[in-house]
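Using the UniProt record's numbering, read the sequence shown as starting at 1 and increasing by one per residue.
For glycine and all other residues, C-beta sits at the position ideal for the given N, C-alpha and C.
Notes for the one structure printed next.
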Amino acid sequence: MDVCPLLVGGGESGRVMGYSGGGVLIKCRYDTQYTSNQKFLCKGPWPGLTCTDKIKAGVKNKWINSGRFSLFDKTRAAQFWVMIRELTVEDSGTYKCGVYKSGFDVYTPVELKVEEGESLTTLHLVITDSLSSDTLYLTFSSLIG
Numbered sequence: 001m002d003v004c005p006l007l008v009g010g011g012e013s014g015r016v017m018g019y020s021g022g023g024v025l026i027k028c029r030y031d032t033q034y035t036s037n038q039k040f041l042c043k044g045p046w047p048g049l050t051c052t053d054k055i056k057a058g059v060k061n062k063w064i065n066s067g068r069f070s071l072f073d074k075t076r077a078a079q080f081w082v083m084i085r086e087l088t089v090e091d092s093g094t095y096k097c098g099v100y101k102s103g104f105d106v107y108t109p110v111e112l113k114v115e116e117g118e119s120l121t122t123l124h125l126v127i128t129d130s131l132s133s134d135t136l137y138l139t140f141s142s143l144i145g
């Protein structure tokens, strides 16, 4: 099995695996009616009402950084990406990627599993959106086993 230190889901990311010292990229989709709403990634049990925000952003089409977390809301595609860097085993658990709205928030659970890594590798990743022809370039160094 090939192991990639930066996971990129083709659709919504439901289960994500990473390695300590490395990173993951989580893709979250939302309904087009929520393009102007603030997006978030939080950590907490599923199902459950308690969830600790890891990153939230209302800025569109621009990377927003908060510590080891970055979020990019691509409104034309009605999706947002969350990158988590410098993973630790303690990052493992259930996350919710979602949209703040009046009443109840809309979110999808994402299960992250982080394992110990052993060697350093560098990944150059290019993501092109076929609908808009927008391209996202990432260079990522990570530990893998």
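Who are the near neighbours of residue i in its chain, counting only those whose CB is closer than 7 angstroms to its CB and skipping five residues on each side?
| i | result |
| --- | --- |
| T52 | C42, K43, G44 |
| Q38 | K56, A57, G58, Y100 |
| C97 | I26, C28, L41, V82, Y107, T108, V110 |
If I measure Cβ to Cβ from residue i and keep anything under 6 angstroms in the same chain, skipping five residues before and after, which residues do I get?
| i | result |
| --- | --- |
| V82 | I26, L41, L71 |
| E90 | none |
| I55 | L41, S66, F69, L71 |
| residue 167 | One cannot answer for residue 167 here, as it falls past the ends of the chain, which runs 1 to 145. |
| M17 | K113 |
| K24 | Note on residue identity: the sequence assigns Val, not Lys, to residue 24. Cβ neighbours of V24 beyond the five flanking positions: L7, V16, G18, I84. |
| T32 | A78 |
Taking residue i as the reference, give the member of the options with the closest Cα.
| i | options | result |
| --- | --- | --- |
| S36 | E90, V110, N61 | N61 |
| R15 | S102, A77, K74, S92 | S92 |
| S20 | L87, T108, V59, D73 | L87 |
| F104 | T50, V24, G58 | T50 |
Based on the DSSP secondary-structure assignment, which residues constitute the bridge partners of residue i?
| i | result |
| --- | --- |
| M53 | Here the sequence assigns Asp to residue 53, which means Met is not the residue at that position. According to DSSP, which records beta bridges pairwise, D53 is partnered with C42. |
| V89 | Bridge partners of V89: none, in fact. |
| R68 | DSSP output for R68 lists no bridge partner at all. |
| T108 | C97 |
| Q79 | R29, K74 |
I'd like to know whether the C-beta atoms of residue i and residue j end up nearer to each other than 8 angstroms.
| i | j | result |
| --- | --- | --- |
| V110 | V99 | no |
| G79 | Y30 | First, the amino acid is wrong: residue 79 is Gln here, not Gly. Cβ atoms of Q79 and Y30: closer than 8 angstroms. |
Are the C-beta of residue i and some C-beta of chain C separated by less than 8 angstroms?
| i | result |
| --- | --- |
| D91 | Reference to chain C is not applicable here, since this structure consists of a single protein chain. |
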